[in-house]
Amino acid sequence: MAGRKDAEFVNTLGGVAKIVNLAYGQPPFIRFFDEPLMFIDLEGERLGRNGSVSLMTVLVYPSESIERLFVIDIYTLGSAAFDTVGEHGKSLKDILEAPEMSKVFFDVRRDSEALFAHYGVNLKGVRDLQLMDSAARPRTEQRRLLSGLAKCMQFVPLAKAQKAEWALCKERGDRVWNPDKGGSYSAFNKRPLPAEILRYCAGDVAYLPAMYKKYASKSTRWRNFVFEASQKRVVESQGERVQPEGKERALSPWTAEEHRMLDSWTEVNPRRSYLSQSQQDDLYEQALEDHLNEQSREDDLYETWLIG
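FYI, UniProt numbering numbers position 33 of the sequence shown as 33, with every residue one higher than the one before it.
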């Protein structure tokens, strides 16, 4: 990725222990407060309880200047990748299950489902960027559908060259692993790992910190609301009735009451605090018109999830 170090491919238990040591070696104000410690994404053949986990991309993020990006070979290491302890006596599983250590995902559902089903990992301390994006929209009508990663990347404050390179890496990776584009899921399990897949995995995580920063100024109540919704997603992903496929998963999880609450919050719609009712109504009509104009492209709003 432009301006980024290449991801380090980790296929030894010693390498996993190094990642754990790096995480637990951070100062307490990073490890045990609201600052994200890790940004994470998983890949696999039909990722979920009925599929498998092949790769786990981890961005350890103590600060932008010294972040470290890893792609862990779960296909080779198996459960040992989660159980191996570092010098602090802690494992990767301990990190993933620690509620006080913030981990950021983009749409945690499949990742959580797979980790729980195959490795008994019960995620805690999750912040779901997809839900953060949804909850930040000012009107109920704009929250009806969730956005995929590609859609959200359009609004991340990055240089054009970075966005162009990100899109190119995603496209090249798709051609290697996506059956709909001539690829095969087996690419995630091929060793040595194809360079296109390594860059594809890195791309899914490398710019999540920039996306997360978009919401850093939101209020404590807003952040707590989204964090609770993120953990609820984790719990639901572990249930017996979870549906791994279906476009209904592109719908937002908010209840009518939650929509009304978000509509009323000035940290979501700050104009409400100083505009007259007629001005608010005009803005509402414009927002509704914009939403209706977007309906012809509904599939694009969640394309990333549908193709993995």
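By construction, the Cβ of each residue, glycine as well, lies at the ideal position given by its N, Cα and C atoms.
| task | Measure the CB-CB distance between residue 261 and residue 129 and report whether it falls below 9 Å. | result | In this structure, residue 261 keeps its C-beta atom at 9 Å or more from the C-beta atom of residue 129.
| query | Who are residue 319's beta bridge partners in DSSP? | reply | In the structure displayed, the chain extends from 1 to 308; residue 319 sits before or after that span and is not available.
| said: Buried or exposed, going by whether 16 or more other CB atoms sit within 10 Å of the CB of residue 312? | reply: For the chain, the structure presents residues 1 to 308; residue 312 sits outside this window and is missing.
| task | Would you grab the beta carbon distance between residue 39 and residue 104 for me? Rounded to a whole angstrom, and I think it's under 8 Å. | result | Their Cβ separation, rounded to whole angstroms, is 5 Å, which keeps residue 39 and residue 104 in contact under 8 Å.
| Taking DSSP as the reference, what is the three-state secondary structure of residue 146? | DSSP, read as helix, strand or coil, puts residue 146 in coil.
| said: Between the alpha carbons of residue 221 and residue 153, how many angstroms are there, rounded? | reply: Rounded to whole angstroms, residue 221 and residue 153 show a C-alpha spacing of 25 Å.
| task | Leaving out five residues on either side along the sequence, give the residues of the same chain with a beta carbon under 8 Å from the beta carbon of residue 81. | result | For residue 81, the CB contacts under 8 Å within the same chain, skipping 5 residues up- and downstream, are 13, 16, 56, 72, 73, 74, 92 in chain order.
| task | Excluding the 5 residues preceding and the 5 following residue 97 in the sequence, name in chain order all residues of the same chain whose CB lies nearer than 6 Å to its CB. | result | Its chain contains 122, 124 as the residues whose beta carbon lies nearer than 6 Å to that of residue 97, once the 5 sequence neighbours on both sides are disregarded; these appear in chain order.
| request: Please report the residue range of the alpha helix (DSSP H) in which residue 47 lies. | output: Counted as a single uninterrupted DSSP element, the stretch harbouring residue 47 is not any alpha helix (DSSP H), since DSSP gives it neither H nor E.
| query | With 16 as the cutoff for other CB atoms within 10 Å, does residue 269 come out buried or exposed? | reply | Classification of residue 269: buried, given that the 10 Å Cβ count is 16 or more.
| said: Taking a contact to mean a Cβ-Cβ separation below 9 Å, would you say residue 265 touches residue 217 in this structure? | reply: The beta carbons of residue 265 and residue 217 sit no closer together than 9 Å.
| query | By a C-beta neighbour count over all protein chains shown, 10 Å radius and 16 as the cutoff for buried, is residue 20 buried or exposed? | reply | That one is buried.
| query | Can you list the alpha helix (DSSP H) stretches of 4 or more residues lying completely in the region 98-143, in chain order? | reply | Counting only runs of at least 4 residues, the region 98-143 fully encloses the following alpha helix (DSSP H) elements, listed from N- to C-terminal order: 109-119, 129-135.
| query | Thinking just about the alpha-carbon of each residue, which of 170, 188, 177, 89 is nearest to the one in residue 203? | reply | Measuring from the Cα of residue 203, the nearest candidate turns out to be 170.
| Pairing CB atoms from the region 171-179 with CB atoms from the region 187-207, are three or more of them under 8 Å? | As far as the Cβ criterion goes, the region 171-179 touches the region 187-207, which means the pair count is three or higher.
| field | Simplified DSSP state of residue 6, which is helix, strand or coil | value | Coil at residue 6, not helix or strand.
| task | Flag this pair as yes or no: are the beta carbons of residue 231 and residue 116 separated by less than 9 Å? | result | No.
| task | For residue 227, collect the residues of the same chain with a Cβ closer than 7 Å to its Cβ; drop the 5 residues on either side in sequence, then sort them by chain order. | result | Contacts found: 127.
| What span of residues does the alpha helix (DSSP H) with residue 82 cover, start to end? | That run of the alpha helix (DSSP H) goes 80-83.
| For residue 249, which option in 108, 86, 180 has the closest C-alpha, if you only look at C-alpha atoms? | Minimum Cα distance to residue 249 is reached at 108.
| task | Please report how far the alpha carbon of residue 290 lies from the alpha carbon of residue 139, in whole angstroms. | result | Any reading at residue 290 must be qualified, since the residue scores a pLDDT of 47, below 50, and its modelled position is unreliable; the value itself is stated next. Cα to Cα, residue 290 sits roughly 11 Å from residue 139.
| query | So residue 193 packs on residue 102, CB below 8 Å; how close in whole Å? | reply | With a contact defined as Cβ atoms closer than 8 Å, residue 193 and residue 102 miss out at about 28 Å.
| said: Let me confirm a value: residue 111 is counted as buried when at least 16 other C-beta atoms fall within 10 Å, else exposed. Which label applies? | reply: The residue is buried, with at least 16 neighbouring Cβ atoms inside 10 Å.
| said: Can you tell me which residues form a DSSP beta bridge with residue 91? | reply: Here residue 91 is bridged, per DSSP, to 85.
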